[in-house]
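Okay, so the sequence shown: first residue is 1 according to the UniProt record's numbering, each after it adds one.
Note that beta-carbon positions come from the ideal geometry of N, C-alpha and C, so glycine has one too.
For reference, the structure is listed below as structure tokens.
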Amino acid sequence: MGSENTNAKLAKKIVHNCAPTLAALKPANLFTVHFMDARSGNACAQERASRIVREGFASALRSAREQLGSGGVSIRVLAVRPGNALVLVFRPELVARAFANSRASAYLRSLGYNVDSLDACIAELARRVRASDVLAGAERSRAFPHEVGFFLGYPPEDVIAFIEGGSECLCMGCWKAYGDACSAQACFEAYRRCVRMMDQLHEQGAPLHYLAQLEAAS
Numbered sequence: 001m002g003s004e005n006t007n008a009k010l011a012k013k014i015v016h017n018c019a020p021t022l023a024a025l026k027p028a029n030l031f032t033v034h035f036m037d038a039r040s041g042n043a044c045a046q047e048r049a050s051r052i053v054r055e056g057f058a059s060a061l062r063s064a065r066e067q068l069g070s071g072g073v074s075i076r077v078l079a080v081r082p083g084n085a086l087v088l089v090f091r092p093e094l095v096a097r098a099f100a101n102s103r104a105s106a107y108l109r110s111l112g113y114n115v116d117s118l119d120a121c122i123a124e125l126a127r128r129v130r131a132s133d134v135l136a137g138a139e140r141s142r143a144f145p146h147e148v149g150f151f152l153g154y155p156p157e158d159v160i161a162f163i164e165g166g167s168e169c170l171c172m173g174c175w176k177a178y179g180d181a182c183s184a185q186a187c188f189e190a191y192r193r194c195v196r197m198m199d200q201l202h203e204q205g206a207p208l209h210y211l212a213q214l215e216a217a218s
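Take a look at the structure:
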């Protein structure tokens with residue numbers, strides 16, 4: 001697989017999975033890049049996945065970082081597994097704004113995050129993701145750092161309700177809403193419209209750096 005093809009595939013995934021972040025409607029998006037063996041269609045063995053990460057994915061990631069950086073968008077790989085990588089695409093200033101919410105910051109502090117440093121928070125999030133990866137089944141699900149919802153810009157009350165359980169979910173889209181269902185549904189629809197628009201623009205030839213600099217209101 002040529003580097004140009006790998007770059008194009010990653011760019012397409014970023015646009016489709018992270019359109020609201022590119023449009024500055026959302027602080028961050030999280031998605032998974034799968035490393036597949038073209039001959040078998042199965043998840044690659046560890047050695048092949050590692051080679052793909054080094055030679056293909058890593059190169060495509062550098063290209064995407066260069067393009068998105070001019071628009072104020074950053075990319076971090078939270079974890080690399082034998083068959084996939086978990087990628088966070090985010091706007092640092094919007095994540096910092098989300099952390100400025102008193103409920104979000106207090107809850108993150110209670111979990112051991114240093115909310116005074118975004119880099120430290122993302123490093124801690126990545127550490128917790130990797131720690132959960134070594135577990136299996138229900139134990140892995142419980143250990144996954146669901147506080148990632150604060151990074152993704154979900155309403156703090158919904159993130160806390162999901163983590164602590166005991167509340168009834170009113171509606172579901174990008175996240176499970178427990179409080180203001182109407183506001184959540186309007187947000188879900190805005191994100192869907194954004195994805196459709198960004199996908200269309202990208203298919204028509206708009207590059208990542210252009211999409212990352214579009215105004216959300218356009």
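When C-alpha distances from V89 are compared across A206, G72 and C187, the shortest belongs to G72. In the DSSP assignment, R76 falls within the unbroken beta strand (DSSP E) covering S74 to V80. Apart from sequence neighbours up to five positions away, the residues of its chain that approach L125 with a beta-carbon distance below 7 Å are L78, P145, V148 and F151, ordered along the chain. For V89, the enclosing beta strand (DSSP E) begins and ends at N84 to F90. L86 is a Cβ neighbour of T32, given a cutoff of 8 Å.
Excluding its 5 nearest sequence neighbours in each direction, R103 has C-beta neighbours in its own chain below 6 Å: P156, listed in chain order. Taking all protein chains in view, the Cβ of A96 is surrounded by fewer than 16 other Cβ atoms within 10 Å, so the residue is classified as exposed. Close CB contacts of V115 within its chain, under the 7 Å cut and outside five residues either way in sequence, are with F99, S105, L108, R109 and C121 (chain order).
Rounded to whole angstroms, the separation of the alpha carbons of Y191 and L25 is 8 Å.
Short of 8 Å from the beta carbon of D199, and not among the five residues preceding or following it, lie these beta carbons of its own chain, in chain order: V15, H16 and A19.
When DSSP states are grouped into helix, strand and coil, K176 belongs to the strand group.
The straight-line gap separating the alpha-carbon atoms of H209 and G69 is approximately 8 Å. Of E203, R127 and L22, the smallest CA-CA separation from A143 is found for R127. Between A8 and G153, the C-beta spacing is not below 8 Å. Inclusion of A177 and L170 in the CB contact set at 8 Å is warranted, their separation being smaller than that value. Contact between A206 and L22 does not hold, since their C-beta atoms are separated by about 10 Å, which reaches or exceeds 8 Å. It is roughly 36 Å from the alpha-carbon of A186 to the alpha-carbon of L135.
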